[in-house]
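Novice:
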Amino acid sequence: MIDVKLLQKNFDETASALMRKKVSIEMIAELKTANEDLKTAKLTYETLQAKQNELSRLFGQYKKEGKNTDELKIEVDTNKATLTDLLEAQRAYEEAMDAIIMRVPNLPDENVPDGEDENDNIELRKVLIPPTFSFTPKEHWELAEQNGWIDFERGVKLAKSRFSVVSGMGARLERALINFMLDFNRERGFMEVSVPMLVNRRALEGTGQLPKFEDDLFKVDGEELFLIPTAEVPLTNLYQDEILTASELPIKMTGYTSCFRKEAGSGGRDVRGMIRQHQFHKVELVSITRADQSDAVFDEMVACASDLLSALGLPHRLVTLCTGDLGFGAARTIDLEVWLPGQNTYREISSVSNTRDFQARRAKIRYKEEGKNLLAHTLNGSSLAVGRTMVAVMENFQQEDGSIILPSVLQKYL
RNA sequence: GGACAGCUGGCCGAGUGGUCGAAGGCGCACGCCUGGAACGCGUGUAAAGGGCAACCUUUCUAGGGUUCGAAUCCCUAGCUGUCCGCCA
Numbered sequence: 124m125i126d127v128k129l130l131q132k133n134f135d136e137t138a139s140a141l142m143r144k145k146v147s148i149e150m151i152a153e154l155k156t157a158n159e160d161l162k163t164a165k166l167t168y169e170t171l172q173a174k175q176n177e178l179s180r181l182f183g184q185y186k187k188e189g190k191n192t193d194e195l196k197i198e199v200d201t202n203k204a205t206l207t208d209l210l211e212a213q214r215a216y217e218e219a220m221d222a223i224i225m226r227v228p229n230l231p232d233e234n235v236p237d238g239e240d241e242n243d244n245i246e247l248r249k250v251l252i253p254p255t256f257s258f259t260p261k262e263h264w265e266l267a268e269q270n271g272w273i274d275f276e277r278g279v280k281l282a283k284s285r286f287s288v289v290s291g292m293g294a295r296l297e298r299a300l301i302n303f304m305l306d307f308n309r310e311r312g313f314m315e316v317s318v319p320m321l322v323n324r325r326a327l328e329g330t331g332q333l334p335k336f337e338d339d340l341f342k343v344d345g346e347e348l349f350l351i352p353t354a355e356v357p358l359t360n361l362y363q364d365e366i367l368t369a370s371e372l373p374i375k376m377t378g379y380t381s382c383f384r385k386e387a388g389s390g391g392r393d394v395r396g397m398i399r400q401h402q403f404h405k406v407e408l409v410s411i412t413r414a415d416q417s418d419a420v421f422d423e424m425v426a427c428a429s430d431l432l433s434a435l436g437l438p439h440r441l442v443t444l445c446t447g448d449l450g451f452g453a454a455r456t457i458d459l460e461v462w463l464p465g466q467n468t469y470r471e472i473s474s475v476s477n478t479r480d481f482q483a484r485r486a487k488i489r490y491k492e493e494g495k496n497l498l499a500h501t502l503n504g505s506s507l508a509v510g511r512t513m514v515a516v517m518e519n520f521q522q523e524d525g526s527i528i529l530p531s532v533l534q535k536y537l
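The numbering of the first sequence is the working numbering, which starts it at 124 and goes up by one.
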């Protein structure tokens with residue numbers, strides 16, 4: 124959630140920041156009006172409530188003194204009727220306000236570059252040089268099938284399209300990657316946490332997936348539970364509704380989960396292979412920080428993911444997302460894109476975001492500093508998407524005969 | 001899934017109709033003490049919203065009800081615990 128007070132006090136500036144994130148001016152105006160209506164309704168209600176409280180005190184006093192309360196009772200009853208109406212009105216305003224603000228995205232940081240879509244993202248730097256091949260490198264699905272690592276057909280048989288089965292050395296590589304990533308992150312100071320892969324509505328609202336993106340989520344029939352689209356949801360919401368002490372921050376966590384996404388609207392993109400699956404594995408980094416720590420922790424998280432790729436010997440580049448490509452809750456994001464020789468292009472393998480206090484305001488994650496309760500900052504980043512890492516390993520380390528030489532750092536995990 | 005018990009501040013815990021946003025303790029902060037610390041002593045310390053402030057409103061799991069007035073009484077839901085059933 125954005126800070127409504129900021130919009131109220133600093134309308135032009137906040138509105139233009141929101142418009143950089145493709146929010147319509149109509150919606151912003153609507154938000155402002157809704158907030159003002161709500162404030163007025165609250166003030167009216169509270170004034171009358173104060174009167175009611177006073178009358179009630181008086182009533183008790185009259186009773187104690189043995190005075191007649193008939194007249195007072197009439198006044199109190201009338202007042203209560205009005206109060207009931209006012210409360211109803213206030214609730215309506217609250218609902219209206221809620222409906223809007225929960226769908227307003229986070230403000231982008233000032234220095235996030237303007238842009239329409241991923242084409243306007245800005246490359247920060249490249250790490251490692253893409254390998255050259257004396258033959259035409261194959262795409263990963265070809266290699267996966269040839270090595271018997273991934274069975275796309277039988278995944279469809281078991282579930283539906285965009286599900287696959289990994290077996291043999293492929294399955295072992297998957298497990299090795301997960302363990303390697305978790306250990307690597309732990310050595311960088313991220314505590315390993317194992318979390319539920321089903322979460323409730325409140326958790327998804329906290330991190331911003333709901334109410335706006337319900338179509339992207341798998342929901343359990345007959346229960347208010349959803350399959351998580353990312354470990355960011357349970358990890359961040361671990362501290363939902365809590366007031367932490369400043370000294371225990373930053374909290375830096377890593378966790379491995381499966382992730383489930385409907386991929387609604389992705390149309391015919393990446394239908395082949397395991398780039399875009401309904402179920403995939405991911406090792407995630409999540410940090411809860413003080414406001415003044417989040418930039419430094421952000422850098423640590425980006426470095427962690429990038430170094431992980433380097434340790435695996437995977438060429439990649441860092442990209443600053445432009446305003447148009449920034450996610451709903453993110454104030455800034457750096458994507459890591461891994462080189463895929465088969466596709467002859469860089470593809471996203473990690474995304475590190477600072478949401479600042481956007482999620483913390485929704486999830487009520489606060490910390491106490493000098494007697495004050497302040498909203499924490501939350502950050503998340505993949506390190507890494509396991510399926511895509513497998514794709515990258517296959518394509519980058521393929522030999523002419525289709526065999527794959529696995530990175531040496533994985534030796535002890537295989 | 002069935003029966004019973006419970007849910008109060010950062011945590012524990014007292015509180016059965018107004019004097020209660022709530023005793024006491026822990027924790028935390030500050031001060032004294034100390035070479036420095038621990039211990040001890042003293043003071044302070046729930047959250048959210050509105051207001052420059054005084055102050056006002058709300059909140060004792062949530063929602064509803066009774067009442068002039070609810071942490072307290074009633075109903076419903078959720079969660080937790082215990083026992084039973086089932087089970088990797």
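Where a beta carbon is used, it is the ideal one built from N, C-alpha and C, also for glycine.
1) Among residues of its own chain, excluding the 5 on either side of residue 450, which ones have a beta-carbon nearer than 7 angstroms to its beta-carbon?
2) Please classify residue 260: is it buried, with 16 or more other beta-carbons within 10 angstroms of its beta-carbon, or exposed?
3) Counting only the same chain and skipping the five closest in sequence on each side, list residues whose C-beta sits under 6 angstroms from that of residue 479.
4) Give the DSSP-derived three-state secondary structure of residue 263 in the structure shown.
5) Below 9 angstroms between beta carbons: does that hold for residue 160 and residue 225?
6) Starting from the Cα of residue 422, find the closest Cα among 305, 167 and 502 and give me that residue.
7) Along the beta strand (DSSP E) that carries residue 501, what are the first and last residues, could you check?
8) Using C-beta distances below 8 angstroms, list every residue in its chain close to residue 257, excluding the 5 sequence neighbours before and after it, in chain order.
9) Sorted by chain position, which residues of the same chain lie with C-beta nearer than 6 angstroms to residue 241's C-beta, five sequence neighbours on each side aside?
10) Considering only C-alpha positions, which residue in the set 470, 496, 452 and 439 is nearest to residue 414?
11) According to DSSP, is residue 422 part of a helix, a strand, or is it coil?
12) Evaluate residue 248 with the Cβ neighbour count: other Cβ atoms within 10 Å of its Cβ, from every protein chain shown; 16 or more gives buried, anything less gives exposed.
13) Leaving out five residues before and five after residue 278 in sequence, what residues of the same chain have Cβ atoms less than 6 angstroms from its Cβ?
14) Let's test the definition: count the other Cβ atoms within 10 Å of the Cβ of residue 519 and tell me whether it reaches 16, buried, or not, exposed.
15) Using DSSP's beta-bridge definition, name the partner residues of residue 476.
16) Identify whether residue 371 lies in helix, strand or coil by the three-state DSSP scheme.
17) Note down the Cα distance separating residue 233 from residue 265, rounded to an integer number of angstroms.
18) Would you mind stating whether residue 443 and residue 244 have Cβ atoms separated by less than 9 angstroms?
19) Under 9 angstroms, do residue 397 and residue 275 count as touching if we go by C-beta distance?
20) Which residue's Cα is closest to the Cα of residue 506: 386, 419, 139 and 459?
21) With respect to the beta strand (DSSP E) encompassing residue 335, which residues constitute its N-terminal and C-terminal limits?
22) Using 8 angstroms for Cβ pairs, my map puts residue 342 next to residue 380. What's the rounded Cβ distance?
23) By the three-class DSSP mapping on this structure, what secondary structure does residue 521 have?
24) Where do the N-terminal and C-terminal ends of the beta strand (DSSP E) with residue 409 fall, by residue?
25) Quick check on residue 297: buried or exposed, where buried means 16 or more other Cβ atoms within 10 Å of its Cβ?
26) Take residue 367 and list the residues in its own chain whose beta-carbon comes closer than 8 angstroms to its own, dropping the five residues that flank it on each side.
27) Please classify residue 309 as buried or exposed, where buried requires at least 16 other C-beta atoms within 10 Å of its C-beta.
28) Given a threshold of 16 other Cβ atoms within 10 Å of its Cβ, counted over all protein chains shown, does residue 314 qualify as buried or as exposed?
Specialist: Well, looking at it:
1) As a working mapping, residue 450 is identified with position 327 in the first sequence. Within the same chain, residue 450 has close Cβ partners 456 and 476.
2) Position 137 of the first sequence, counted from the first residue, corresponds to residue 260. Classification for residue 260: buried.
3) Within the first sequence, residue 479 is the residue found at index 356, counting from 1. If we look at residue 479 and ignore the five residues flanking it on each side, its Cβ neighbours are 454 and 500.
4) Numbered from 1 along the first sequence, position 140 holds the residue referred to as residue 263. Helix.
5) In the first sequence, residue 160 corresponds to position 37, counting from 1. In the first sequence, residue 225 corresponds to position 102, counting from 1. Cβ atoms of residue 160 and residue 225: not closer than 9 angstroms.
6) Working through the first sequence from its first residue, we reach residue 422 at position 299. It is 502 whose Cα lies nearest to the Cα of residue 422.
7) Residue mapping note: residue 501 aligns to position 378 of the first sequence, counting from 1. First-last of the beta strand (DSSP E) with residue 501: 500 to 508.
8) For the purposes of this step, residue 257 is identified with residue 134 of the first sequence, where counting begins at 1. So the list reads 523, once near-sequence residues are dropped.
9) Taking the first residue of the first sequence as position 1, residue 241 is located at position 118. In the same chain as residue 241, and ignoring 5 residues on each side of it, the C-beta atoms closer than 6 angstroms to its own belong to 448, in chain order.
10) Position 291 of the first sequence, counted from the start, is the residue given in the question as residue 414. Out of 470, 496, 452 and 439, 496 has the C-alpha closest to the C-alpha of residue 414.
11) Counting from 1 along the first sequence, the entry for residue 422 is found at position 299. Secondary structure at residue 422: helix, using DSSP grouped into helix, strand and coil.
12) The residue you call residue 248 lines up with position 125 of the first sequence. With fewer than 16 Cβ atoms within 10 Å of its Cβ, residue 248 is classed as exposed.
13) Sequence index remark: in the first sequence, residue 278 carries index 155 (1-based). 286, 287 and 288.
14) Along the first sequence, read from residue 1 onward, the residue named residue 519 stands at position 396. Residue 519 comes out buried.
15) Looking up residue 476 in the first sequence gives position 353. Per DSSP, 456 and 503.
16) Within the first sequence, residue 371 is the residue found at index 248, counting from 1. In the structure shown, residue 371 sits in a helix (DSSP, three-state: H, G or I).
17) Looking up residue 233 in the first sequence gives position 110. Looking up residue 265 in the first sequence gives position 142. If you take the alpha carbons of residue 233 and residue 265, they lie about 44 angstroms apart.
18) The count along the first sequence starts at 1 and reaches residue 443 at position 320. The count along the first sequence starts at 1 and reaches residue 244 at position 121. Cβ atoms of residue 443 and residue 244: closer than 9 angstroms.
19) Against the first sequence, residue 397 aligns to sequence position 274. Against the first sequence, residue 275 aligns to sequence position 152. Their beta carbons are under 9 angstroms apart, which means residue 397 touches residue 275 by this criterion.
20) As a first step, residue 506 must be located in the first sequence, where it is residue number 383. Among 386, 419, 139 and 459, the Cα nearest to that of residue 506 is on 459.
21) By 1-based counting over the first sequence, the position of residue 335 is 212. Run containing residue 335: none; DSSP gives neither H nor E here.
22) Position 219 of the first sequence, counted from the start, is the residue given in the question as residue 342. Position 257 of the first sequence, counted from the start, is the residue given in the question as residue 380. In fact, because the Cβ distance is near 17 angstroms, the residues do not count as touching under 8 angstroms.
23) Translated into the one-based positions of the first sequence, residue 521 becomes position 398. The answer is strand: DSSP assigns residue 521 an E or B state.
24) One-based indexing of the first sequence puts residue 409 at position 286. DSSP places residue 409 in the uninterrupted beta strand (DSSP E) bounded by 402 to 412.
25) For the purposes of this step, residue 297 is taken as the residue at position 174 of the first sequence. With 16 or more other Cβ atoms within 10 Å, it is buried.
26) If you number the first sequence from 1, residue 367 lands on position 244. The residues are 374, 411, 488, 489, 490, 491 and 499.
27) Reading the first sequence from its first residue, position 186 is the one you call residue 309. Answer is exposed; the Cβ neighbour count stays below 16.
28) Taking the first sequence and counting its residues from 1, one reaches residue 314 at position 191. Exposed, by the Cβ-count rule.
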